[in-house]
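Numbering (our numbering), first residue to last: 4 to 187.
Here it is, written out as structure tokens:
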């Protein structure tokens, strides 16, 4: 490994992914929305590419990255509660009561001149991991933690100049499908 044959990024999954039966949650920040919005669109396009129906992709927004874990936790738990309630009463409505199979938390943190970046990045990272562990639902970490705005734009596929970069949202969408389908 090394030299010209090195490929940075996620390798395609070894099995064909069929997300047609999945329901996916995307929670994203409104902070740095010029960069976040293309990442959300990239996530959605990957989900659709792997068969997730557009009506089974639920998108919600929150003010900033610190709010991502609590919002994801709350929405996942609501979907789990709604499904159990509807099973008890025998409801025939299906699409809006199914629990989420995976979630993607999307945000962009750009380092400034204070310690705020480190505190928010750490809390958000740990919080998102905890949501997945606490709910049993895979939660994809879609938060860019960049030193500059230019780095963030490159990772959203909207870089300046000839090289626009790569939209990491597409990686997060495929990871959500793969993790939702993960089984023995």
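Using N, Cα and C, we set each Cβ at its ideal position, and we do this for glycine too.
Could you give the residue range of the beta strand (DSSP E) that holds residue i?
i, result
"residue 31", "27 to 32"
"residue 64", "60 to 65"
Which two residues bound the contiguous alpha helix (DSSP H) that contains residue i?
i, result
"residue 136", "119 to 138"
"residue 40", "36 to 52"
With DSSP as the reference, identify every bridge partner of residue i, one or two as the case may be.
i, result
"residue 105", "27"
"residue 144", "108"
"residue 170", "159"
"residue 3", "It is not possible to answer for residue 3, since the shown part of the chain is limited to 4 through 187."
My understanding is that residue i touches residue j, with C-beta atoms under 8 Å, so please give their C-beta distance in whole angstroms.
i, j, result
"residue 27", "residue 60", "5 Å"
"residue 68", "residue 117", "Contact doesn't hold; Cβ gap of about 15 Å is too wide."
"residue 151", "residue 113", "7 Å"
"residue 155", "residue 47", "Their Cβ separation, rounded to whole angstroms, is 19 Å, which puts residue 155 and residue 47 out of contact at 8 Å."
"residue 45", "residue 160", "7 Å"
"residue 180", "residue 25", "7 Å"
"residue 55", "residue 22", "4 Å"
Among the options, which one has its Cα closest to the Cα of residue i?
i, options, result
"residue 185", "12, 11 and 17", "17"
"residue 121", "148, 106 and 108", "148"
"residue 175", "161, 155 and 42", "42"
"residue 128", "167, 110, 169 and 22", "110"
"residue 71", "29, 172 and 20", "29"
"residue 83", "56, 126, 35 and 139", "139"
"residue 183", "14, 53, 12 and 35", "53"
"residue 2", "35, 15, 77 and 76", "This structure cannot speak to residue 2, because the chain is shown only from 4 to 187."
"residue 105", "36, 11, 62 and 40", "62"
"residue 77", "51, 108 and 170", "108"
Under the rule that 16 or more other beta-carbon atoms within 10 Å means buried, what is residue i, buried or exposed?
i, result
"residue 81", "exposed"
"residue 119", "exposed"
"residue 136", "exposed"
"residue 142", "buried"
"residue 4", "Confidence is the limiting factor: at residue 4 the pLDDT is only 48, short of 50, which leaves the residue's position unreliable, though a coordinate-based value still follows. The residue in question, residue 4, is exposed, as its Cβ has fewer than 16 Cβ neighbours within 10 Å."
"residue 13", "exposed"
"residue 172", "buried"
"residue 177", "buried"
"residue 133", "exposed"
"residue 130", "buried"
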